[in-house]
Each structure stands twice: as structure tokens, then as C-alpha cells.
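The next block holds one structure in the form of C-alpha cells; read it before the comments.
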Amino acid sequence: MKKFKNILKDLSLFLSAFVPMFILIFIKLVIDMLNNNLSFNVLNSLNFATLIMLIACGIGGLIWNIKSTGKAVEIEIISRENITDKHFLGYFSLFVLFALQLDLSLVSGYCIFVFIMIFIGIVYIKNSLFYINPLLNILGYNFFDVKYKVISDGREKEAKIFHKGNLDVQTKYFVNIKNDNFTFIDTKKS
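Residue numbers (numbering that gives the first Met the number 0): 0 to 189.
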């Protein structure tokens, strides 16, 4: 059951990374409908329903990942490097171009969209590319490579951590361990 829950969390983080693209495609379809460039037919209805479902799943999954609790651990940050900018622009430009050029009013375009999302999803989840998430960056989160010390046992570890704002070195934080590849810092210790 825990493995299935982790797969769902990974899948929901993947979908959340594409929420800005889904919104762009949705806006493009609405504008085309309003300008009578698209007719309201079965395929376009399916497009709207799919996009609304993907946006809702992505946002819901992101909230689930941020708010869900794991094993609370107190850590002290030894060193950190903000790596958000190393991946964001290449990824963002990829899906903006993808969103603007794809014609979902054609059955072939819709099928290509589905297959591209499946292929990207497999690579994204298999390689734990959770840190490449423009939605998190838009919401103010930064992604850090962190070296930290676990307060309870003094062991030093490394992790990839999402945090809103900046992480302070030599500062204690509480972290809920949610995944081996990434986590969200919950609170700064007072």
C-alpha cells in the first residue's frame, strides 16, 4: 500500500509540473472557441474535460505532497546550493513551445499529446526529476542541494529539498521525510 501511495505522489508531482502548460493549452482552446476558430464537438469537449482533470489532479497532488506528513526529523543545514535556475528555463521553454504548437482540435494532435505526456512521465518519474517543477517555482519554492546533520543522531546526509524562500546555513529546521529523492522543509525551528 505504501509503494502505491508513493507512486501516486510521484505521478501527482509529475502532473503538477505541467499545470502551467495545461493552463496555457486551456486558454488557447477557450480563445479559439470564442473566436469561432474551433467548434464545440466531441473531441474539443474531451480536450476541455481532460485539461480540467489534469489541472485539478496536478494542483491537488501538489497540495497533497506539500501538506502530507511523514516522519518529522529535526535537522541543521550545513551547506546548501540553490539549483532552481539550473533546470527551470530549459524546461519552461520546452512546455511553452509544446503548448503553443500543439493542435488538439485534431485527433492526431490529441493522440500525440497523450503519448508525449506518457513518455515524459515515464522519464520524469523513473529518474526522479521532481525538482524540475515550474509550478513550485511560480509559487515561490526554491530547490536546494543540501548537506545537513540529523540532530537526533548527529549523522550527516545529503538531500534535495524544496523550500519557500531561502535556506539559512547553520539553522535548524523540521523536515518530514516523504521521499528519498526530495522533501519539503516544513518549519524553521524557533
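Even glycine gets a Cβ: it sits at the ideal position worked out from N, Cα and C.
Q. Is there contact between the stretch 120-139 and the stretch 104-112, where contact requires at least three CB pairs shorter than 8 Å?
A. no
Q. Taking the continuous beta strand (DSSP E) assigned at residue 160, which residues delimit it?
A. If you number the sequence shown from 1, residue 160 lands on position 161. From DSSP, the beta strand (DSSP E) with residue 160 extends over 155-163.
Q.
Suppose the cutoff is 7 Å on Cβ atoms and the five residues either side in sequence are ignored; what does the same chain contact list for residue 13 look like?
A. To locate residue 13, count along the sequence shown from 1; it is residue 14. Closer than 7 Å at the Cβ level, and outside the excluded window around residue 13, lie 120, 123, 124.
Q: Quick one: which unbroken alpha helix (DSSP H) runs of 4-plus residues sit fully inside the stretch 109-139? Chain order, please.
A: 133-137
Q | Pairwise C-alpha distance: residue 154 and residue 40 | A | For the purposes of this step, residue 40 is taken as the residue at position 41 of the sequence shown. For the purposes of this step, residue 154 is taken as the residue at position 155 of the sequence shown. Approximately 60 Å between the Cα atoms of the pair.
**Q.** Span of the beta strand (DSSP E) around residue 81
**A.** As a working mapping, residue 81 is identified with position 82 in the sequence shown. From DSSP, the beta strand (DSSP E) with residue 81 extends over 70-81.
(Q) Using a Cβ distance threshold of 8 Å, determine whether the stretch 61-75 contacts the stretch 133-152, with at least three qualifying pairs required. (A) yes
Q. Roughly how many angstroms lie between the CA atoms of residue 35 and residue 43, to the nearest whole one?
A. As a first step, residue 35 must be located in the sequence shown, where it is residue number 36. As a first step, residue 43 must be located in the sequence shown, where it is residue number 44. In a straight line, the C-alpha of residue 35 is about 13 Å away from that of residue 43.
**Q.** contact_flag[the stretch 73-86, the stretch 12-28] where n(CB pairs < 8 Å) is 3 or more
**A.** no
Q | Classification of residue 132 by the beta-carbon crowding that lies within 10 angstroms, buried from 16 upward | A | The residue given as residue 132 occupies position 133 in the sequence shown. Looking at its Cβ environment, which holds 16 or more other Cβ atoms inside 10 Å, residue 132 is buried.
**Q.** Own chain partners of residue 9 with C-beta closer than 7 Å, once the 5 adjacent residues on each side are dropped
**A.** Working through the sequence shown from its first residue, we reach residue 9 at position 10. Within the same chain, residue 9 has close Cβ partners 124.
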